[in-house]
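Okay, so here's the structure we're looking at.
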Amino acid sequence: MKQRIIVAGNPEYGIGQGIYQKWPEAEFASRRNGFDLTEDEGRTAFARRSMDFDVVIFCSALWRFNQTILVEQVWRTWSEQKKAGHLICLGSTADVGARASNWLYPIEKKSLQSLCQNLSWCIHKGSPIKVTYLSLGYVLTPKTEEKHPQKKKLSVSYVVDLVDWVLHQPEGVNVNSMSLDPCQPHSEMPHQ
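For the sequence shown, this note's numbering assigns the number 18 to the initial residue and increments by one for each residue that follows.
Have a look at this one:
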């Protein structure tokens, strides 16, 4: 059975673009096509629209915890309708550890990771909704290359192949989470 996919993300940039190249029949929702997923109205419209799909991939660059709120809203909408399907959330390895900073990005990703972990465990209580959280290190996009030119990066095609692998697991298996980082040169070895 071919799965219908909807993506919270931009088909013209980064991982969203890679997903579009792999699954051109997927539907996308972003500001580009009228979905403002940072507003309740846009999130509600997306959650309703997602009911017509088997898989939702969340790869949008939403700030101020909007990605976490969107995932919860979609999951709740599906759960209330007893809909089966798969939610795949792309996060960041910045979701680990604490640091002396007011930078919200790692806190937002930690929030997304925690929500996805809780929701993925709902399969143990009979939920028909699979939830997978993929924690990714540096991914090769123009913005990442500009900010971190010396860092090794995961290719977009590798990330998309990983999503495809998750989707092709046996029916009775859920990949709860995975964390992947590109290995950096030895010169960056921490001192012990």
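Where is the CB? At the ideal position from N, CA and C, for every residue including glycine.
**OP:** Quick one: which unbroken beta strand (DSSP E) runs of 3-plus residues sit fully inside the region 124 to 182? Chain order, please.
**Re:** 146 to 153
Original post:
What residue from TYR30, TYR175, ALA78 and ALA101 has the CA that sits closest to LEU129's CA?
Top reply: ALA78
Subject >> SER137 versus GLY35, THR161 and MET195, residue with shortest Cα-Cα distance >> reply: MET195
Original post:
Just how far apart, CA to CA, sit LEU184 and ASN135?
Top reply: 20 angstroms
**OP:** Check the DSSP bridge columns for LEU184 and list the partner residues they point to.
**Re:** In the DSSP output, where bridge partners are listed per residue, LEU184 has none listed.
Subject >> Simplified DSSP state of SER194, which is helix, strand or coil >> reply: strand
Original post:
Is it buried or exposed for PRO187, if we count other Cβ within 10 angstroms and need 16 for buried?
Top reply: exposed
Original post:
So VAL156 and GLY31 are in contact, right, with Cβ under 8 angstroms, and what is the actual spacing, rounded?
Top reply: 7 angstroms
**OP:** Tell me, to the nearest whole angstrom, how far the beta carbon of ASP171 is from that of LEU151; I am working on the premise that it is less than 8 angstroms.
**Re:** Correcting the residue identity first, residue 171 is Leu in this sequence and not Asp. That pair is no contact at about 11 angstroms.
Original post:
Taking three-plus beta-carbon pairs below 8 angstroms as touching, is the region 74 to 94 in contact with the region 20 to 34?
Top reply: yes
Original post:
Between which two residues does the beta strand (DSSP E) harbouring GLY108 extend?
Top reply: 102 to 109
Original post:
I think ARG60 touches GLN90, with their Cβ atoms under 8 angstroms apart; what is that distance to the nearest whole Å?
Top reply: 5 angstroms
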